[in-house]
Amino acid sequence: MITFNFSILCMAPRANVTNNAPVYYYSPIQQTYLMWALGFGSLVGTFPFTYFFSKFGTRYIFTGAGILSIVSTLAVPLAASYGLYAFMFVRFLQGISYSADFAAIGMLTSIWASLKQHALFLSLLTCYSPLSSTLTNLVSGYICESFLGWPWIYYFHAMAGAVLFGYWFLVYTDYPAKSNWVSSIELEKIERNKAKEELEFHGVVPYWEICKNPVVLTIWYNAFIEISSGIFLLIYTPIYMRKVRGFSIVTTGILSSIPPLIAIPLRITFGIISDKIKFWSERTKMNVFNTFAAFGPAVCYMLIVIIDEPMFAVGVLLTIHVFYAGSGGGFYKCATLSCRQHSHFVIANIQFIKCLTLFFAPALYGFFVHDETSSEQWNHIFVTMSVALTTATALFIFFSTDKPQKFTHVSENRGALDLNVLKKEEVLKQ
Numbered sequence: 244m245i246t247f248n249f250s251i252l253c254m255a256p257r258a259n260v261t262n263n264a265p266v267y268y269y270s271p272i273q274q275t276y277l278m279w280a281l282g283f284g285s286l287v288g289t290f291p292f293t294y295f296f297s298k299f300g301t302r303y304i305f306t307g308a309g310i311l312s313i314v315s316t317l318a319v320p321l322a323a324s325y326g327l328y329a330f331m332f333v334r335f336l337q338g339i340s341y342s343a344d345f346a347a348i349g350m351l352t353s354i355w356a357s358l359k360q361h362a363l364f365l366s367l368l369t370c371y372s373p374l375s376s377t378l379t380n381l382v383s384g385y386i387c388e389s390f391l392g393w394p395w396i397y398y399f400h401a402m403a404g405a406v407l408f409g410y411w412f413l414v415y416t417d418y419p420a421k422s423n424w425v426s427s428i429e430l431e432k433i434e435r436n437k438a439k440e441e442l443e444f445h446g447v448v449p450y451w452e453i454c455k456n457p458v459v460l461t462i463w464y465n466a467f468i469e470i471s472s473g474i475f476l477l478i479y480t481p482i483y484m485r486k487v488r489g490f491s492i493v494t495t496g497i498l499s500s501i502p503p504l505i506a507i508p509l510r511i512t513f514g515i516i517s518d519k520i521k522f523w524s525e526r527t528k529m530n531v532f533n534t535f536a537a538f539g540p541a542v543c544y545m546l547i548v549i550i551d552e553p554m555f556a557v558g559v560l561l562t563i564h565v566f567y568a569g570s571g572g573g574f575y576k577c578a579t580l581s582c583r584q585h586s587h588f589v590i591a592n593i594q595f596i597k598c599l600t601l602f603f604a605p606a607l608y609g610f611f612v613h614d615e616t617s618s619e620q621w622n623h624i625f626v627t628m629s630v631a632l633t634t635a636t637a638l639f640i641f642f643s644t645d646k647p648q649k650f651t652h653v654s655e656n657r658g659a660l661d662l663n664v665l666k667k668e669e670v671l672k673q
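Numbering-wise, my numbering comes out as the position in the sequence shown, counting from 1, plus 243.
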């Protein structure tokens with residue numbers, strides 16, 4: 244999926260360069276159509292994958308999504324040769340396969356993570372986005388400039404996908420109890436304090452009860468605001484640095500590449516910290532980390548508006564990514580602890596929300612910014628983001644909980660994560 248963002252540069256005709264692969268030029272509006280095709284595919288696939296995961300488990304369904312991703316990636320060079328509509332269709336298929344990711348993350352965390360390690364699991368699993376961006380851009384750059392040409396960007400990633408999904412199918416099992424890789428001690432830790440409903444998937448998901456639950460709605464609102472801000476930064480920070488702050492193209496490229504690199508270790512670190520802290524309750528920890536991830540950026544946006552200094556503004560924009568790395572211990576963790584065996588549906592809808600932000604962020608930019616060099620027009624977006632993030636923070640503090648909701652049919656006494664009890668149990672086992 245991400246290969247498109249880089250390969251589109253290699254497809255275009257370049258001056259003073261011998262083209263060793265087919266040349267295609269896509270106008271800005273055509274590139275937008277290709278992005279929207281991916282978004283629509285992801286929208287279409289989100290709910291079916293959620294149902295299939297809960298009905299049949301993760302192993303076969305995620306493998307099927309992988310096969311679709313491999314085939315559609317292989318087909319890109321051929322589709323491009325047939326024209327825009329064929330290319331859009333293949334992008335649509337890539338979007339469908341992409342929609343399986345977040346449902347799989349929710350399922351894996353619910354079944355495989357102990358109640359004490361949800362933040363670590365979520366932080367590790369959600370690292371796939373910055374990790375894939377970094378690796379894909381690095382590999383694609385070398386292939387693009389080599390004798391192979393841009394089609395091999397897709398062929399290489401398809402082959403890598405085949406290896407990875409093959410390995411997944413061979414080693415993954417839907418139940419920890421049936422895995423040859425899990426010892427009895429590890430199994431006990433994974434299943435400790437979990438009810439029977441959390442250890443099985445039976446296909447019955449109370450969709451309406453989940454969708455009207457205030458805790459879930461708060462989680463989704465926080466996801467929408469934080470991801471919208473993240474997508475906005477990802478797409479428009481280079482334009483802001485170049486047009487408003489006057490940085491060179493080279494400097495803009497270097498500065499724009501920093502956030503994905505720092506996001507991965509920070510996410511993992513914050514996930515470990517969230518799980519290891521013992522002197523706060525789970526609810527307190529979630530509130531602290533979500534406030535860090537949401538209110539921190541809100542303050543940063545306002546500082547950019549108040550202090551009009553180029554280097555300071557760019558530094559603050561990059562700092563926002565540091566704050567977002569704490570989200571694994573915030574609303575993501577709240578989703579898995581409060582929704583338990585149905586967390587895959589809640590987190591899958593965060594993927595749905597992510598697709599919506601691909602339309603929302605450009606719309607926000609188009610509404611406020613008519614002159615790309617006007618810092619005042621950009622400030623309207625920053626103030627809007629700041630207010631939205633502040634409201635998200637306040638709502639989360641009010642509604643957040645680690646207790647399983649009624650639709651899980653898990654007893655609060657059975658499902659609540661009591662760190663003192665767990666600590667005593669560990670002492671007795673020693």
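C-beta: ideal position from N, C-alpha, C; glycine also.
{"query": "Can you tell which of Y325, Y410, K528 has the C-alpha that lies nearest to the C-alpha of F639?", "result": "K528"}
{"query": "Could you give the first and the last residue of the continuous alpha helix (DSSP H) run that contains C543?", "result": "525–549"}
{"query": "Keeping to the same chain, check which residues put their C-beta closer than 6 Å to that of G338; ignore five residues upstream and five downstream.", "result": "L281, G284, S285"}
{"query": "Just the C-alpha distance for Y397 and L509, rounded to the nearest angstrom, thanks.", "result": "30 Å"}
{"query": "For M484, count neighbouring Cβ atoms within 10 angstroms of its own Cβ and tell me buried if that reaches 16, exposed if not.", "result": "buried"}
{"query": "Starting from the N-terminal side, write out each stretch of the beta strand (DSSP E) that is 3 residues or longer and does not extend beyond the segment 323–406.", "result": "none"}
{"query": "Grab me the residues of L665's own chain with a C-beta within less than 6 Å of its C-beta, minus the 5 sequence neighbours each way, in chain order.", "result": "With a pLDDT of 42 at L665, under the threshold of 50, the modelled position of this residue cannot be trusted, and the question is left open."}
{"query": "What number of angstroms, rounded off, separates the C-alpha of Q274 from the C-alpha of P265?", "result": "17 Å"}
{"query": "Please classify V448 as buried or exposed, where buried requires at least 16 neighbouring CB atoms within 10 angstroms.", "result": "buried"}
{"query": "Could you have a look at A264 and say whether DSSP puts it in helix, strand or coil?", "result": "coil"}
{"query": "Nearest-angstrom Cα distance between L660 and L358?", "result": "With a pLDDT of only 45 at L660, under the threshold of 50, the placement of this residue in the model should not be trusted; the figure read from the coordinates follows. Their backbone Cα atoms lie some 7 Å apart in a straight line."}
{"query": "Taking only runs of the beta strand (DSSP E) that begin and end inside the segment 611–656, which ones reach a length of at least 3 residues, in chain order?", "result": "none"}
{"query": "Out of curiosity, what's the CA-to-CA distance linking L407 and Y371?", "result": "13 Å"}
{"query": "Measure how close the beta-carbons of V382 and F364 come, nearest whole angstrom, since I'm counting them as under 8 Å.", "result": "That pair is no contact at about 27 Å."}
{"query": "Tell me which residue opens and which closes the alpha helix (DSSP H) that E431 is part of.", "result": "427–434"}
{"query": "Express the C-alpha separation of E431 and E669 in angstroms, rounding to a whole number.", "result": "Any reading at E669 must be qualified, since the residue scores a pLDDT of 44, below 50, and its modelled position is unreliable; the value itself is stated next. Going by the C-alpha atoms only, they are around 11 Å apart."}
{"query": "Where does A255 fall in DSSP's three states?", "result": "coil"}
{"query": "Given a threshold of 16 other Cβ atoms within 10 Å of its Cβ, counted over all protein chains shown, does V414 qualify as buried or as exposed?", "result": "exposed"}
{"query": "Have a look at P481, S270, S297 and flag the residue whose alpha-carbon is nearest the alpha-carbon of I590.", "result": "S297"}
{"query": "Counting pairs of beta carbons, one from the segment 620–630 and one from the segment 594–612, are three or more of them closer than 8 Å?", "result": "yes"}
{"query": "What is the DSSP secondary structure of E750, reduced to helix, strand or coil?", "result": "Any question about residue 750 goes unanswered here, given that the chain covers just 244 to 673."}
{"query": "Rounded to whole angstroms, what is the Cα-Cα separation between K464 and I310?", "result": "As written in the sequence, residue 464 is Tyr, which differs from the Lys given in the question. If I take the Cα positions, the gap works out to 32 Å."}
{"query": "Mapping DSSP to helix, strand and coil, what is L416?", "result": "Looking at the sequence provided, one finds Thr at residue 416 rather than Leu. Coil at T416, not helix or strand."}
{"query": "Among G572, S517, F305, which residue has its Cα nearest to the Cα of G404?", "result": "F305"}
{"query": "Rounded to the nearest angstrom, what separates T379 and T246 at their Cα positions?", "result": "6 Å"}
{"query": "When the Cα atoms are used, what is the spatial distance from L277 to K576?", "result": "33 Å"}
{"query": "With distances taken Cα to Cα, identify the nearest neighbour of V559 among L546, A568, G571, S570.", "result": "L546"}
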